[in-house]
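A.B. asks:
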Amino acid sequence: MADATSDNPNPQPIVRSIDKRMRSNVIFNGVCFAATLLALVILLVLLASILTQGVGSLSLRFLTALNSSDPHKAGIWTSLIGTMAICLICALSAIPLGVGTAVLIEEFKPRNKWLLRVHGIIDTNIRNLAGVPSIVYGILGVTAFATMFGMFGSMNNGKYAIGQTWYDQYQGEDKRLYYVPADGPPVKGKTGKPAEEGMTLYLPTEGGGIGLGEEAAGLVWVTAEDIEPRVEAIEQELGAFEGVFREGIKDARESRRGPVRVDQASAEAIVDKAIEAGTWKNPDTSVLRAELLELVLGLNGKKGGDLIKARVIAIDIAIDSEYAARMPNVITIGAPPVRVDTKAWYHIALPFGRGVLAGGLTLMLVILPIVIVASQEALRAVPGSYRQGALALGSTKWQSVSKTALPAAIPGICTGTILAISRAIGEAAPILVLGGTGFITSPPQNLMDSFSAMPMTIFQWTKEPEAEYKTIAAAGIIVLLIVLLSFNALAIYIRQRASQHQ
Numbered sequence: 016m017a018d019a020t021s022d023n024p025n026p027q028p029i030v031r032s033i034d035k036r037m038r039s040n041v042i043f044n045g046v047c048f049a050a051t052l053l054a055l056v057i058l059l060v061l062l063a064s065i066l067t068q069g070v071g072s073l074s075l076r077f078l079t080a081l082n083s084s085d086p087h088k089a090g091i092w093t094s095l096i097g098t099m100a101i102c103l104i105c106a107l108s109a110i111p112l113g114v115g116t117a118v119l120i121e122e123f124k125p126r127n128k129w130l131l132r133v134h135g136i137i138d139t140n141i142r143n144l145a146g147v148p149s150i151v152y153g154i155l156g157v158t159a160f161a162t163m164f165g166m167f168g169s170m171n172n173g174k175y176a177i178g179q180t181w182y183d184q185y186q187g188e189d190k191r192l193y194y195v196p197a198d199g200p201p202v203k204g205k206t207g208k209p210a211e212e213g214m215t216l217y218l219p220t221e222g223g224g225i226g227l228g229e230e231a232a233g234l235v236w237v238t239a240e241d242i243e244p245r246v247e248a249i250e251q252e253l254g255a256f257e258g259v260f261r262e263g264i265k266d267a268r269e270s271r272r273g274p275v276r277v278d279q280a281s282a283e284a285i286v287d288k289a290i291e292a293g294t295w296k297n298p299d300t301s302v303l304r305a306e307l308l309e310l311v312l313g314l315n316g317k318k319g320g321d322l323i324k325a326r327v328i329a330i331d332i333a334i335d336s337e338y339a340a341r342m343p344n345v346i347t348i349g350a351p352p353v354r355v356d357t358k359a360w361y362h363i364a365l366p367f368g369r370g371v372l373a374g375g376l377t378l379m380l381v382i383l384p385i386v387i388v389a390s391q392e393a394l395r396a397v398p399g400s401y402r403q404g405a406l407a408l409g410s411t412k413w414q415s416v417s418k419t420a421l422p423a424a425i426p427g428i429c430t431g432t433i434l435a436i437s438r439a440i441g442e443a444a445p446i447l448v449l450g451g452t453g454f455i456t457s458p459p460q461n462l463m464d465s466f467s468a469m470p471m472t473i474f475q476w477t478k479e480p481e482a483e484y485k486t487i488a489a490a491g492i493i494v495l496l497i498v499l500l501s502f503n504a505l506a507i508y509i510r511q512r513a514s515q516h517q
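Residue numbering for the sequence shown follows this note's numbering, starting at 16 and increasing by one per position.
(1) Candidates 90, 489, 481 and 456: which alpha carbon is nearest residue 76's?
(2) CA-CA distance, residue 217 and residue 179?
(3) With distance defined between alpha-carbon atoms, name the residue in 118, 365, 69 and 141 nearest to residue 172.
(4) How would you call residue 177, buried or exposed, if buried means at least 16 neighbouring beta carbons within 10 angstroms?
(5) Any idea which residues DSSP pairs residue 358 with across the strands?
(6) Mind the definition here: the segment 385-403 touches the segment 105-119 only if three or more C-beta pairs lie below 8 Å; say whether that holds.
(7) Between residue 441 and residue 128, what straight-line distance do the alpha-carbon atoms span, to the nearest angstrom?
(8) On the premise that residue 382 lies in contact with residue 443, defined as a C-beta separation below 8 Å, what is that separation, rounded to the nearest angstrom?
(9) So, residue 170 versus residue 427, is the Cβ gap smaller than 7 Å?
(10) Closest by CA to residue 141, which one among 43, 384, 200 and 62?
(11) So residue 405 packs on residue 415, CB below 8 Å; how close in whole Å?
(12) Within 10 angstroms of the Cβ of residue 71, are there 16 or more other Cβ atoms? Answer buried if so, exposed if not.
(13) Compute the distance between the beta-carbons of residue 468 and residue 69, then report whether it is under 7 Å.
(14) Between residue 542 and residue 108, is the Cβ-Cβ spacing less than 7 Å?
(15) Taking residue 450 as the reference, which of 150, 79, 58 and 355 has the closest Cα?
(16) So if DSSP puts residue 363 in a beta bridge, which residue, or which two residues, is it bridged to?
(17) What residues in its chain sit with their C-beta under 7 Å from that of residue 506, if we drop five residues either side in the sequence?
(18) For the alpha helix (DSSP H) that contains residue 87, what are its first and last residues?
(19) Report the rounded CA-to-CA distance for residue 136 versus residue 420, giving the unit in angstroms.
(20) Taking the C-alpha atoms as reference points, what is the distance between residue 146 and residue 153?
(21) Kindly indicate which three-state DSSP category residue 352 falls into: helix, strand or coil?
(22) Report buried or exposed for residue 413, applying the criterion of at least 16 other Cβ atoms within 10 angstroms of its Cβ.
(23) Can you tell me whether residue 166 is buried or exposed, with buried defined as 16 or more other CB within 10 angstroms of its CB?
(24) Quick check: the Cα distance between residue 113 and residue 392, rounded to an integer number of angstroms?
(25) Hey, quick one: how far does the alpha helix (DSSP H) through residue 142 stretch, first residue to last?
(26) Per DSSP, what kind of secondary structure is residue 460 in: helix, strand or coil?
(27) Less than 7 Å between C-beta atoms, sequence neighbours within five positions excluded: which residues of the same chain meet that for residue 518?
(28) Would you report the Cα separation of residue 342 and residue 504, rounded to the nearest angstrom?
(29) Give the straight-line distance between the Cα atoms of residue 357 and residue 199, rounded to the nearest whole angstrom.
(30) Taking C-alpha atoms, which residue in 59, 96 and 88 lies nearest to residue 486?
(31) Using the Cα positions of residue 494 and residue 511, report the straight-line distance between them to the nearest angstrom.
(32) Within a Cβ cutoff of 6 Å, which residues of the same chain sit near residue 201, ignoring the five residues on either side of it in sequence?
(33) Excluding five sequence neighbours on each side, which residues of the same chain lie with their C-beta closer than 6 Å to the C-beta of residue 319?
(34) Nearest to residue 65 by alpha carbon, out of 484, 515, 509 and 501?
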């Protein structure tokens with residue numbers, strides 16, 4: 016066979032220069048090192064600037080104080096609680112939904128070729144959704160959760176609600192507020208129970224009534240309409256009481272000249288006679304004696320018109336013995352009632368509005384594709400021999416997944432899930448679109464309350480012109496970084512613990 020080079024007397028062999036390749040490698044490594052070093056320097060400068068400005072403001076007071084318009088009094092507690100609340104709702108909804116979706120897509124693929132195509136389209140779209148900007152999910156959250164497409168009325172007047180109790184708020188002439196259980200929200204053009212200025216209502220409650228902000232669940236409201244039908248049944252008893260009472264006052268007037276002032280002994284005698292003349296169920300109770308004695312001593316010779324008050328007390332006591340231990344409070348209404356409500360922590364109304372629940376579910380949309388993809392990758396990393404061995408031993412498809420594949424994938428699932436929630440903690444765009452605000456003075460009290468998140472509050476502080484706000488904004492960033500690092504550390508710990516138990 017002829018030499019291949021015989022046709023070309025001057026061959027030019029193609030030889031790559033080793034020196035050229037080495038120079039290219041050195042240049043590439045240098046560019047990568049320089050880029051990494053530049054990123055680290057920028058990060059360190061930012062962290063140093065934040066620490067320098069914010070460390071001085073970090074204190075227990077800053078962590079536990081509510082937000083305030085005064086930068087010297089403002090704290091991070093309001094937004095910290097808001098962030099924890101929406102992240103808790105986000106985690107409770109995204110984790111089971113995301114992991115369940117990943118198991119369905121990855122472990123239960125259909126066999127029909129048409130269904131398999133649909134399966135592939137769904138899988139591809141879920142992976143694409145992981146890269147959608149979070150502000151888009153904010154718009155979806157407003158439509159799906161805040162307004163619910165308008166199917167249940169407006170956000171301020173939902174049709175269905177739980178954990179909400181309505182009251183008619185009455186203001187007495189003493190300026191105290193009293194609450195009467197009502198049957199629902201206010202109707203346009205209507206108020207609560209009819210009440211005119213000067214109308215007298217009778218409220219037998221302990222402590223003389225229930226004021227603003229106090230528990231109103233045990234309220235007992237007795238109006239003149241409630242008492243009137245029963246007056247005739249106890250008229251004889253009241254007559255006996257009033258007769259003895261008048262007689263006692265008359266005796267006191269005759270025994271003493273001048274203004275009538277019933278002393279302790281005379282008062283006790285009047286009370287004893289009144290109890291003997293009446294037919295009360297519990298005449299020996301010390302509470303009843305104390306109330307009647309206080310009434311008699313309180314008159315001190317005033318006009319006989321005060322017997323009307325005695326009559327009211329006697330009626331309230333005679334209506335039911337269980338009220339004998341409660342001192343009635345006679346209220347004169349100073350204004351018509353206003354319909355108000357109280358809400359339990361689990362209060363939910365449809366639509367959800369722009370509260371904590373809607374915020375948490377909106378963040379769930381943000382991280383759900385990430386949780387699904389992370390769970391899928393964790394399930395794919397489990398060797399197929401695990402499933403095949405379980406099936407060979409007689410397990411069903413679900414048993415092979417739940418007993419072998421899923422437990423083996425838990426470390427990867429936990430890591431991806433917690434890192435996704437860490438991303439949710441720092442999200443501001445979807446919360447901003449939903450209607451979250453940076454300035455709220457108190458943390459949310461129920462699932463429908465307005466809320467503020469740490470990124471929103473920090474952003475609000477940075478916009479203020481005062482230099483003090485910049486300082487507390489830096490302190491807020493430090494707190495946010497600590498929370499994020501704590502979640503990342505938790506992810507590493509869970510992964511290691513789960514790996515050790517396999």
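Beta carbons: idealized from backbone N, C-alpha and C, even for Gly.
C.D. replies: Here's the rundown:
(1) That would be 90, whose Cα lies nearest to the Cα of residue 76.
(2) Bear in mind that the predicted position of residue 217 carries a pLDDT of just 45, short of 50, making it unreliable; the figure below should be weighed with that in mind. Inter-residue distance for residue 217 and residue 179 is about 26 Å (C-alpha atoms, whole angstroms).
(3) 365
(4) exposed
(5) 179
(6) yes
(7) 42 Å
(8) In fact, because the Cβ distance is near 15 Å, the residues do not count as touching under 8 Å.
(9) no
(10) Per the Cα distances, 384.
(11) 4 Å
(12) exposed
(13) no
(14) Nothing can be reported for residue 542, as the shown portion of the chain is limited to 16 through 517.
(15) 150
(16) 177
(17) Around residue 506, the same chain offers 429, 430, 433 and 434 as residues with beta carbons nearer than 7 Å, after the five sequence neighbours per side are excluded.
(18) It is not in any alpha helix (DSSP H) - residue 87 carries neither H nor E in the DSSP assignment.
(19) If you take the alpha carbons of residue 136 and residue 420, they lie about 24 Å apart.
(20) 14 Å
(21) Secondary structure of residue 352 (DSSP, three-state): strand.
(22) exposed
(23) Under this definition residue 166 is an exposed residue.
(24) The C-alpha of residue 113 lies about 13 Å from the C-alpha of residue 392.
(25) 128-144
(26) coil
(27) Because the chain spans 16 through 517 in this model, residue 518 falls outside it and cannot be assessed.
(28) For residue 342, the predicted structure reports a pLDDT of 34, less than 50, and the residue's modelled location is therefore unreliable. A value from the coordinates is still provided. Each residue's Cα considered, the two are about 59 Å apart.
(29) 12 Å
(30) 88
(31) Between residue 494 and residue 511, the alpha-carbon positions lie close to 26 Å from each other.
(32) 354
(33) Any reading at residue 319 is ruled out, since the residue's pLDDT is 37, under 50, leaving its predicted position unreliable.
(34) 484
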